[in-house]
Every structure is written in structure tokens, then in C-alpha cells.
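Shown next, in C-alpha cells, is the structure this report addresses.
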Amino acid sequence: MNKRAMRRGLTTFWWLTVVFLYLPLAVVMLFSFNASNSAARMTGFSLRWYHQLLGNEQIMSAFANTLILAVISSVIALAIGCMIGYGMYRHRHRKLGWLIILIYLPIVLPDIVFGISEMAFFVQFHRLTGFLQPGLTTMIIAHVTFQIPFVALIVYSRFVGLDPTLFEAAKDLYASPVKRVVHFMLPTIKPALISAFFLSFTLSVDDFVISFFTSGPESATLPIYIWGAIKKGISPEINAIATLMIGAVALAAVFSLMFNRRRA
Amino acid sequence: MSNSHTTAMQSGQTLGRSQAMVREARHLLFTVTPGAAWIILFLVLPSVYLMAVAFMTNGPYGLPQMPLSLESFKQLAGFGFLGWSPGNIYTLLRSLWQTFLATALVVIVAYPIAYYISTCREKWRPLMLLAVVVPSWTNQVIRAFGWMNLLAPGTPLSSFAETLGLISPNMGLYPSNFAVTLGLAYNFLPFMVLPLYAAFEKLDTAQVEAAQDLYATPFKAFWHAVFPQTLPGLLAGVVLVAIPAFGMYVVPELLGGGKGMMLGNLVATQFSGGSNWPLGAAGAILMLIATFIGLFAMRRIGKRLGGGEEVVI
Amino acid sequence: MIHNKTRAALAVSLSSMLLAGGAQAEEGKLYLFNWTQYMDPAIIEAFEEQFDVEVVQNYFNSNPELISKLNAGGTSQYDVIVPSNYYIPRLIETGLVQKLDRSKLPNFDNLMPQFKDPIFDPGAEYSAAYQWGVTGMVYNTETFPDAANSWSLLFDPEVNNDYPFSLIGDGQVAVGSACAYLGAGYQCADLDSLKNAARTLIETKNRDNFSGFADGTPTLQQLARGVVHAGMSFNGDYLFYKEEDPESFANLAFTIPDEGAEMWVDAMMIPADAPNPDLAHEFINFMLDAQIGAQLSNYNYYASPNEAARPYLDEVLTESPTQPTDEEMQRLYFTPSLKGEELQTFQQLWSEVKAR
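Chains as they are written, first to last, in UniProt numbering: chain A, 1 to 264; chain B, 1 to 313; chain C, 1 to 356.
What follows is the structure, given as C-alpha cells:
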């Protein structure tokens, strides 16, 4: 077989795949600047859909909810997941099978089962106790639940990658466990913490199904708003919101590239 | 696993050592409890409650009520008081079939792509991997919406398919079962590329070169030297793609237009549109069983092949 | 320095956000759960101003969606809901709604006599009519210049085998329309007719040019954009969007098929555990005001149940399709309210239709 021909074939295939990956997003972005309300024809360039966004209170509050949900859930998940990650590392010689199963559970559970379980549970819980009405709080709880495992695994693998003698050295250096955590542990795993936070954040923003089933009247996030808008049949406005979200993702991609470069 | 500890225990249980062990146990409890409790309280307990719901009776307007019964499972199997009907079985088969198609499509695309990336210059690889992953950072609702726009009637892609005679005139590629397959594959492509890439990167080139001398055709060389080495990555990818694809709700809902209903939709409708919680919960149990069978099977295959690597997510 | 400041600002804004998020269902807020595109924003503003409160609006696209939200905790999260006639008896029976206090609704007297004692809620003890309308067929007159005024445009493959079309997602309305098409009448209730209707629906949805089940309002968008060429929707929404986008709607016609179609009444109700029932009563009373009632109809193009509003109504509201002619009224029917075995039979048939 001709190696160069194969190479050229592969290169072509690569670029075709890139087109496949970005075409749907590009179309959304393109049509967000469409002058008319047509999903099939570009009739001209305009920013009218973006102007509409700014005046829309619901979208603004959905935007705020998305951020609040992502930041708060990620912070909580980071704290809890970090502890579990460290516990798993420190006690990795014990039989922790039940813990591993527990940690993998949120990962393998299908979103839809996850979402409706939470919903059914919160509804029943609220009926019995009067607490945890569906809303931002229940959404935060649900998000933390699926973020914890990822944080734990990232932190765990960072610890595993460390030189074990470091821990002994730290023990000699700092007497109190609190100091050890503050001056040794956290600085050493900082890169893992940063990537765990970003992953949690992304997971939260990316989630629709679980948010959808645990949300209340005032806690719609952008994905929930977009879903509602699609169901309602309005298109150009969705294009504009989606474009902003895609823009944010692109920005995140650039940052992550720079972050990786600097580390390398 | 706990070898070091048991030997330590046997070698002399001084007071200090047992005190240290208590401290260790307390440490374990302290670090692990919050997270474990969180998951138990907010996921295990809700799941158990959902399973209980499956064994309750459907109330007049969809909420579960006593007494306990197996009614919802009978309904799921298609037995109603109108006699047996195959609707739900169709849905299950359709879910399996769509999962299979999407996974196959993803393998076909991801395999050469992962290989290609691993052969490119090192400084480009992170960028290329990033390019594959970035679309999946956007919300899945937006991604499905993008395909809705691309495949609607009158769009260039639909017109093209029309001239090829793939669809009848005036129709679009969306909504259709094809759109669902495509949407699923699009969603999960990165999950296959990443583990495959990891496998290709570790490829033992000496073995490959030896195989090239040994076997007459490049295909045979590939089959005997390359493919087995990438198998663990492939299996991991299959698990990562097939399991979430099987439980997918958004893609069939938006791209299927009511024709391509999958198990996820059957379950979701019982809570968000039709209202029959026990039936939805029974569907969720079916979904879980299928998921765990899939996971277990993959693990077995992975172990038998003995790639040395645990194929657990 | 700057760094510290931004951090402090972030902390402050974050904690205030948390507080805002935590304090749900506070005083001075009215939670309204309404159909999409059904409320004049100016009315909401007027109410907010008059009572110095905030109205939080949430939207649904179909009755099944409404009831599932109520099941999922909504009974204690919304103050006013706007279900349709055939869901009202269910809501009352299951105790999901509370009785209205008529003493707090002086404007109730403004309603037309037939809405003061509707069959779906005798004596209107639980509900106050909001608007009423028709679910008919909307189609593209360019695509189908000679279309007969019949459901056959949707259900008969010989009439339309080439152009994409959709059916309404609310099962009872879809089944009723199929029944009407088959000659059993929109309100068909016997098992054989229902089964036949389900069979027709299964055949229909498996046709190549069936594009999906869609709710009434989005169907209009799909029609306007040419995604489908025929579908089912509501008279008022049709006029509303036609006014908004005359160009796209120039070739779209709304019709009430000869075989019969649905007429519905949407009414305001208060969920059993509404956070703010007093304000809910104020709101319902506000909506029943003569001028507000007229303003609502003038905005959303639906017929008003409000007798006192009549003098203020726009000309267009007195004509078909908003106000069907006497002849059209002959073939409009309420969707039956199902319960017990009937409901279960229907649900089984409908889930079969969706799954096949």
C-alpha cells in the first residue's frame, strides 16, 4: 500500500471530522446574525437577536442562575471531593471496594435515572418535612452529587503521582495537621484542584437533564431556558444565546491551552 | 490489597500501633464520611426510593400510591388490560439498536482519528485533542439544536440527500431515526477518541515493525500487532459511549420527532408529560439493569483479553 | 490591591446571590404558571404596579406538562395556574387545587352566564374562566391550494403523501381529531372507536412525511418556517403570530375541519398549597376586570369569557376564527374529561401510539 496516499487520506479524514464536529456549532453562530426569522436562509447581517437578549429579564436571570449553580456546586464539590480523594489515597491499602462503587455510582447512572430519582426524592422529602422545595438549592445538591466523583478521582490520581517521601518530609516540617494541609497539601495539589474545579464547572454548565428535573419556578438555567425556547419553537433568539455560550467555551479552550503550555 | 496491614498486625500489636490504627481509622472516617454520606443521602437513597416507587400502584393521575404491586412491570412488558401490545418492547429494541449504530459509527470515525493524532507532531497533539473535545463542552441541548438547524427540510444537507434519493422531496433529514443516530454519535465521539488515542500513544512500535516483516499484508500486520494493543482503549471507549447513549433523553426527544422514542424518553415522559411514576420507575430499573449488564460484560471481556488494564470507565 | 478588591466584590456578590437563591416564595411575589404566549406583558406590569408585587411567570405548552409539574412539587410553588376544561375535574378530584373565595372576586360577576356554571366545574367553585378558543388545523395554502376542509389532510396518505406535517402532542386532542376523521365524532368514548383512532394514529406517525408530535404554539413556528406544511394549532395563537409576521403567515390558513374539532376553555385556578393564595385571588380578580379582560383578548386574539369586556374588544375578535360562526359552533366539542378506567384505557392507547 502506498504510505503517502494513506497519509493523505487520513489527513483528509481528519479535516472532514473537524468539519463534522464544528458544523452544527458554526450554523448556530451564523444564524444568530441572521436578519430574518428563517432557519434555512441567511437574508442579511443583523444584531437584532442580541438586542432582544439584553432586554429579556428571563434570560438574564437564567444566566445568573447558571453561574451561581456552577460556582457554588463546584466549590462544595471541590471541598468534599478533595477530602475523599485524599482519604482514598492515604488508605489505598485498605479494602475500599464499597467506597469505589459509591464513587462510580454517579458516573455510571444514566442522567435520566439520576434526574428522576432526585426529583421523586425531593418531592417526597418536601411533602414530609417541608424542606428542600425544588429550586436552586436542590439543583446545587444534585450537581454536587455528580461532581464529587470527578473531583475525588482527579485529586486521588494527583496524590498517587506524588513521591511518597514528600509526605514524610512534610510531617517533619509541620507539626500540626492543619499547617500541613495549608502549607504542603493544598499547594502541592493546586494544579489538580484547578482542573477539578474547571471540570466541575463545565459539568455543571453542560448538564441539562438533571437540572431540568430538579429545578423550580425561579431557578431556570440557560440550558433549561433554551430547551423551553426550542419546545416553544422560537429559533433566532436561541441561536444568539447559544452563540454566547459557545463563545464562552471557546474562551475556556484557549485558557486551558495556555494553562497546559505553561505547565509543560 | 491490605497485605501490608495484616502483616503489620501479626508482627506485634504494641499499644502504640493499635493507637495509630485507631487514629488511621478515624482519619479515614473523617475524610471519607462527608462525601460518602452526601452520595448515600442524595443519590443512593433517592434511587432506592425510585425503586420502591416502581413497586407501587399508579394513582389516578400519575403519582404512586399504596398498595404494592407488580402492575408497572406488567405494563412495561406490554400487558395492559387491553391485552398485550409491543410498544415498549419496540422502544427497548430501538434503544439497543440506536446505541449499537451510534457506537459503531463512533468507532469507525474515532479509530483512524485517534491513530492520526498519535502520528502527528508532538506539539500539535494537545491542540488536536482539544479540537476534538471542545464541542462537547457546549451544552448537549445546543448541540442537538445545531443539528436540528442543519438537517431541517430545505437546508443544503437535506437538499443534497434529496438529490441522492435518500429522502423524499420536501422532507428533511430531521426529524428521523437517522438524525438520532447522528446526534448520538456526535455527542459521544470524544469519549471514544480519548481512550483510543491513549492506546495508540503507548503503541509498542518495535512489535509493529516486527509484524510488518513477519506478515505479508499490512492488514495482517495491523490485525496481529496493532489491533490487540488498542483493544483496551477501544473497550473503554465502547463503555464510555454505549452506556450514556443508551440512556440518552435529549437527542431522541429533539431530533427524533416522536418517531425515534428511546427508553430514556419512555421513562422521562412518565414524569414530565404522561405521568405514571411507577411505570417510569420500572423503566428506570430496566435501564439500570441493562446498563449494569453492559458494564459487567465489558469488564469480563476486558479481563479475558487480559490487556492488563482494568476497563472500568 | 486590585486583586483583593475584586475578590471581596466577588465574595459579596456571590453571597448575596446565595441569599437571593435561598429565599424562595417570599412575600410580595406571585407565581403564575401559564401557557406560552398567553399573557400581555403590559397587564403583568399593571398588576405589579398596582399591588407593588413581582410576578414570576413560568410557562407550559400542554396540559400533560402542567399536571406533571404539579405532581413534581408544583402544588406548593405556583399561585395561579391556567389549565384547560378537560383537566379541571382531575385537578379538583385529586385535591391539587383549592376552592376560590368568591367574596374576594367581585369581578367574577363580569363573566358570561355559561362560564359562571361550566360543566367541568359546576358552580365555578374552583375555577374562573380565562379565555376560550379552538384547536383547529393550520396548513399552507400554496402547498395545498385545493385542500378540502377535512382532517384528511393530516390522516389520509392519499391526500398528502409528499409534504411534512405534524400532529398535536396532547394525546386526547390528537385521538379526538383522529376519531372525528374516522367518523366517530370528536368526543368518541367507546373502546372500538378509540382503538381505531389509535390504529390510525400509529399508521399516520409511521408515514414518511410525518414530522412529529408538536404542541400547538411551536407548530405555528414550524409552519411559518416551512418545516411542516400542515399541523394542528390554536386560533388565537394563529392570529397573534400572523399579526407579528404577516409575510410568513400570508399562505397559512386556519380552519375548523368539517368532521369536528376541539373547543376549549382555560380557567384560572389556585393550587392546593399555593404560597400566596390572597395575592392569587387579587390576581384572578384583576384578570376578571372588564378592561383588563378586553386588553388580554386584544393582545392574544382569544375569545373572552368576560361579558363586561365586550365593548372594549377589537373588531377582529368578533369574527371567525376567534369567534366561530354559529355554523362552526355546531361542529366544536369539548374534550371529555377522563377518569378511572377510561383514563387508564386512554393512557395505554396513547403510550402505545407514541412507542410504535
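Quick reminder that beta carbons are idealized off the backbone N, C-alpha and C, glycines included.
Sorted by chain position, which residues of the same chain lie with C-beta nearer than 8 Å to residue i's C-beta, five sequence neighbours on each side aside?
{"i": "A:Ser46", "result": "Phe33, Asn34 and Ala35"}
{"i": "B:Leu76", "result": "Asn88, Leu279, Ala282, Gly283 and Leu286"}
{"i": "B:Ala268", "result": "Tyr249, Glu253 and Gly280"}
{"i": "A:Ala240", "result": "Ser32, Trp49, Tyr50, Gln52 and Leu53"}
Kindly indicate if chain A contains any beta-carbon less than 8 Å away from that of residue i.
{"i": "C:Gln291", "result": "no"}
{"i": "B:Met1", "result": "Confidence at B:Met1 is low in this model, with a pLDDT of 38, below 50, so the placement of that residue should be treated as unreliable; the coordinate-derived value is given next. Output row for B:Met1: interface = yes."}
{"i": "B:His224", "result": "no"}
Taking all protein chains shown into account, decide if residue i is buried (16 or more other Cβ within 10 angstroms of its Cβ) or exposed.
{"i": "B:Gln270", "result": "buried"}
{"i": "C:Asp266", "result": "buried"}
{"i": "B:Arg304", "result": "exposed"}
{"i": "C:Glu45", "result": "exposed"}
{"i": "C:Lys5", "result": "In this predicted model, C:Lys5 has a pLDDT of only 47, less than 50, meaning its place in the structure is not dependable enough to derive any value."}
{"i": "C:Lys354", "result": "buried"}
{"i": "A:Met258", "result": "exposed"}
{"i": "C:Arg356", "result": "buried"}
{"i": "A:Gly130", "result": "exposed"}
{"i": "B:Ser18", "result": "exposed"}
{"i": "C:Phe234", "result": "buried"}
{"i": "C:Asn160", "result": "buried"}
{"i": "C:Glu158", "result": "exposed"}
{"i": "A:Ala77", "result": "buried"}
{"i": "A:Ile194", "result": "exposed"}
{"i": "A:Val160", "result": "exposed"}
Using beta carbons (cut-off 8 Å, strictly below), is residue i in contact with chain C?
{"i": "A:Lys190", "result": "no"}
{"i": "A:Ile234", "result": "yes"}
{"i": "A:Val123", "result": "yes"}
{"i": "A:Tyr237", "result": "Reading off the sequence, residue 237 of chain A comes out as Glu, not Tyr. Cβ-Cβ to chain C under 8 Å: no for A:Glu237."}
{"i": "A:Ser176", "result": "no"}
{"i": "A:Lys3", "result": "no"}
Going by DSSP in three states, residue i sits in which element: helix, strand or coil?
{"i": "B:Trp124", "result": "coil"}
{"i": "C:Arg172", "result": "In the sequence under discussion, the amino acid at residue 172 of chain C is Gln, which differs from the Arg named in the question. Helix, per DSSP."}
{"i": "A:Trp98", "result": "helix"}
{"i": "C:Asp266", "result": "strand"}
{"i": "C:Leu338", "result": "coil"}
{"i": "C:Val56", "result": "strand"}
{"i": "C:Lys29", "result": "strand"}
{"i": "C:Ser248", "result": "helix"}
Excluding the 5 residues flanking residue i on each side, which residues of the same chain have their C-beta closer than 7 Å to its C-beta?
{"i": "B:Met148", "result": "Tyr174, Leu254 and Leu255"}
{"i": "C:Leu313", "result": "Ala294, Ser297, Asn298 and Ser304"}
{"i": "C:Ser248", "result": "Ala224"}
So, for residue i: in the same chain, excluding its five sequence neighbours on each side, which residues have a beta-carbon less than 6 Å away from its beta-carbon?
{"i": "A:Phe114", "result": "Ile210"}
{"i": "B:Ala225", "result": "Gln207, Val208 and Ala211"}
{"i": "A:Arg158", "result": "Ile189 and Ala192"}
{"i": "C:Tyr78", "result": "Tyr31, Phe33 and Pro271"}
{"i": "A:Arg180", "result": "Ala170 and Tyr174"}
Cβ of residue i less than 8 Å from any chain B Cβ?
{"i": "A:Phe13", "result": "yes"}
{"i": "residue 357 of chain C", "result": "Not covered by the structure: residue 357 of chain C. The range shown for chain C is 1 to 356."}
{"i": "A:Pro99", "result": "It should be noted that the sequence gives Leu, not Pro, for residue 99 of chain A. Yes, its Cβ sits closer than 8 Å to a Cβ of chain B."}
{"i": "C:Ile43", "result": "no"}
{"i": "A:Ile112", "result": "yes"}
{"i": "A:Gly81", "result": "yes"}
{"i": "C:Gly176", "result": "no"}
{"i": "A:Ile148", "result": "yes"}
{"i": "A:Met182", "result": "Per the sequence shown, the amino acid found at residue 182 of chain A is Val instead of Met. It does not; no Cβ of chain B falls within 8 Å."}
{"i": "A:His91", "result": "yes"}
Since residue i contacts residue j with CB under 8 Å, what's their CB separation in whole angstroms?
{"i": "C:Met112", "j": "C:Glu262", "result": "Actually they are not in contact, since the Cβ atoms of C:Met112 and C:Glu262 sit about 20 Å apart, beyond 8 Å."}
{"i": "A:Leu105", "j": "B:Leu43", "result": "6 Å"}
{"i": "C:Tyr186", "j": "C:Gly260", "result": "4 Å"}
{"i": "A:Pro24", "j": "B:Arg143", "result": "6 Å"}
{"i": "B:Leu150", "j": "A:Val27", "result": "5 Å"}
{"i": "C:Gly74", "j": "C:Glu54", "result": "The Cβ separation is near 19 Å, so there is no contact."}
{"i": "B:Ala36", "j": "A:Leu102", "result": "6 Å"}
{"i": "C:Asn71", "j": "B:Leu63", "result": "6 Å"}
Below 7 Å, is the gap between the Cβ of residue i and the nearest heavy atom of the ligand ZN?
{"i": "C:Ser152", "result": "Among the components modelled here there is no ligand, and therefore nothing to report on the ligand ZN."}
Can you pull the chain E residues whose beta carbon is under 8 Å from the beta carbon of residue i, in chain order?
{"i": "C:Ser76", "result": "Absent from the structure: chain E. Protein chains present are A, B and C."}
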